[in-house]
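Scroll down for the structure; my scribbles are underneath it.
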Amino acid sequence: ALARRLRDFQFAQEKRRKKFGDESPWGILGLYDHLAAVRGDIQWAEDAACRRANGEPYKAWFEFVEEQGTGKNRPFFTYIILALCTIFFVASIAFNGWRVEPFSINPMIGPSQETLVKM
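Okay, so the sequence shown: first residue is 311 according to this note's numbering, each after it adds one.
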């Protein structure tokens, strides 16, 4: 049973790569795209195993992908937190007179302690 599920997973990966290709963005977005694609392949393989166990016909891979939809599974919370942290970092550097304190004072590469306390 495990060997069959592994074959289903590999089949789903093959179909996805034929349709969407192997290229993905770099960095955190690339990692997210890769993990989302693997999750979709696993879900299709699990769906196929469930249908096989119940004697139901397989759902075609492209039908399964269309039903999953896109856009709702993005890490919007992470995007918002990243944007807020970047904004506050730039604001703290601006509040510090556009200079970064020496590594001996602030090893995290940022503004002075007084600026952080004031903010």
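From the three backbone atoms N, C-alpha and C, an ideal C-beta is built for every residue, glycine too. Computed from a prediction, not measured in an experiment: that's the story for all the values here.
Just reading off the alpha helix (DSSP H) that G365 is part of, what are its end residues?
-> Counting along the chain, G365 falls outside any alpha helix (DSSP H), and DSSP gives it neither H nor E.
What's the C-alpha gap between E356 and F386?
-> 27 Å
State the DSSP-derived secondary structure class of S402, mapped to helix, strand or coil.
-> Assignment of S402 by DSSP, reduced to helix, strand and coil, places it in the helix class.
Y368 and A358 closer than 8 Å at C-beta | yes
Beta carbon of P417 nearer than 8 Å to that of N406 | Against a cut-off of 8 Å, the Cβ pair of N406 and P417 comes out as no contact.
Cβ contact (3+ pairs, closer than 8 Å) linking the stretch 388 to 405 and the stretch 369 to 376 = no
Can the beta-carbon of D343 be found closer than 8 Å to that of F319?
-> no
Could you name the residues of the same chain whose beta carbon sits closer than 6 Å to that of K325, not counting the 5 residues immediately before and after it, in chain order?
-> W371
Determine, using beta carbons only, whether W354 and A313 come nearer to each other than 8 Å.
-> no
Report yes if the C-beta distance between I397 and V410 is below 8 Å; otherwise report no.
-> no
Local conformation of F374 per DSSP, three classes | helix
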